[in-house]
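Heads up, the thing below is written out as structure tokens.
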Amino acid sequence: MEIKKIMKNTSDFFDEHVAPVHKITAVEQTENEGWKLVVEVIEEKEYMKRYAKDEMVGVYDVYLNKDAEIISFVRREIRYRSAVNIEQ
1 MEIKKIMKNT SDFFDEHVAP VHKITAVEQT ENEGWKLVVE VIEEKEYMKR YAKDEMVGVY
61 DVYLNKDAEI ISFVRREIRY RSAVNIEQ
């Protein structure tokens, strides 16, 4: 499976159901021939702008099956965009 296709499928899914993807920071193949991605999205961008607050970044673990279809995702962290991210 081509990584570009996996990343595109993930971006399309997030655009439609969660929020536009800011960054995909990791793509790994899993033991069951599926994929795990770490995806960052800007959370509630308009709200944060309106109140002059730093944007919040949601960090999601996303799991895809071997056909590059999203089977699950979970937000594992939310942080200010300006915060230093030392995890990963």
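Per my numbering, residue 1 is the first one in the sequence shown, and the count goes up by one each step.
Even glycine gets a Cβ: it sits at the ideal position worked out from N, Cα and C.
- The three-state reading of DSSP puts lysine 23 in strand, counting E and B together.
- In terms of Cβ geometry, alanine 68 and lysine 5 form a close pair [threshold 7 Å].
- Look at aspartate 67 here: in three-state DSSP terms it is coil, with no helix or strand label.
- When Asp15, Asn32 and Arg75 are compared, the shortest CA-CA separation from valine 38 is found for Arg75.
- Contact annotation, valine 57 with phenylalanine 14: C-beta distance approximately 13 Å; criterion of less than 8 Å not satisfied.
- In the three-state reduction of the DSSP assignment, aspartate 54 falls in the coil class, being assigned neither a helical nor a strand state.
- Only residues of its own chain outside the window of five on either side were considered, and among them Val59 have a CB closer than 6 Å to the CB of glutamate 77, listed in chain order.
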